[in-house]
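First up is the structure itself, then whatever we jot down about it.
In full-length UniProt numbering, the protein residues as written are 1 to 246.
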């Protein structure tokens, strides 16, 4: 059914206002007038508003996912952990609840050897956060360390980098410590980030190192002690076990 000029103009105006969902549903209603002629005005408006809400939610989700740089495309429903893998259904339910990210702020530390599912779990958590409208930024630890080293002599660039990181509700560092002992500048930057976020915005870390190995990685110093303290207090530690899934 061809729409009248004033109907097309109304749809154009809605699109210009950013009401894409409403505009699309209005077009649908006008093109199917026979179906909607018996539907009340209020119900037709209600449907248009619902379509706009869905459109806005999907758009926000897609934007959050794009900005998150999630490593693996996987959700909680796709995870396949067995009872002896070091993580329980209660653990998964806790992680999926996002309580640790919104109310009772806790860091999430995921420990385990190569291939046991650390990155998959981190990615599922990140997708779930995006679905709930919570911003997250995922870093491979090596990439983060390289970014710091590139900017270390540029105060303005480093300040902007830190500002961008701190704004996210959750940040993740995958394969923490994989490159060995931290450069002093990287360690200082990590401390600065953790200090700014402590008890306000959580951090997720995956690592092949056991908790005791963090001190060996960082060395013995007041700053190292402060980093470990801010990582672990408070934190939920999950130790994945089992054979490699790769």
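Yeah, the Cβ is synthetic: ideal placement off N, Cα and C, and Gly gets one too.
By the Cβ test, the segment 182-198 is in contact with the segment 218-226, since at least three Cβ pairs between them sit closer than 8 Å.
By the criterion of a C-beta distance shorter than 7 Å, residue 7 is surrounded in its chain by 30, once the five residues flanking it on both sides are discounted. DSSP, reduced to helix, strand and coil, places residue 127 within a helical segment of the structure shown. Going by DSSP, residue 166 is part of the alpha helix (DSSP H) stretching over 155-167. Assignment of beta-bridge partners to residue 239 by DSSP yields 111. Straight across, the Cα-Cα distance linking residue 165 with residue 26 is about 40 Å. Put simply, of 128, 142 and 143 the residue whose alpha carbon is nearest the alpha carbon of residue 136 is 128.
Secondary-structure assignment with DSSP links residue 230 through no beta bridge to anything. When the Cα atoms are used, residue 242 and residue 84 turn out to be separated by approximately 7 Å.
For residue 46, the number of other beta carbons within 10 angstroms of its own is below 16, and it is reported as exposed. Short of 8 Å from the beta carbon of residue 49, and not among the five residues preceding or following it, lie these beta carbons of its own chain, in chain order: 22. For the pair residue 222 and residue 174, the CB atoms are not nearer than the 8 Å cut-off. When the five nearest sequence neighbours on each side are left out, the beta carbons in the same chain lying within less than 6 Å of the beta carbon of residue 142 are those of 179, in order along the chain. Secondary-structure assignment with DSSP links residue 203 through a beta bridge to 171. Bridge partners of residue 138 according to DSSP: 172. By the neighbour-count criterion, in which 16 or more other beta carbons inside 10 Å mark a residue as buried, residue 53 falls on the exposed side.
In the structure shown, residue 179 adopts coil according to DSSP, grouped into three states. When the alpha-carbon of residue 133 is set against those of 162, 41 and 67, the nearest one is in 67. The beta carbon of residue 235 sits closer than 6 Å to those of 106, 107 and 109, all from its chain and outside the five residues before and after it, given in chain order. The beta carbon of residue 130 sits closer than 7 Å to those of 61, 64, 65, 68 and 136, all from its chain and outside the five residues before and after it, given in chain order. Distance from the Cα of residue 58 is smallest, within the candidate group 32, 20 and 78, for 20.
Counting every other CB atom within 10 Å of its CB across the protein chains shown gives residue 176 a total of 16 or more, marking it as buried. In the displayed model, residue 21 falls within a helix according to three-state DSSP.
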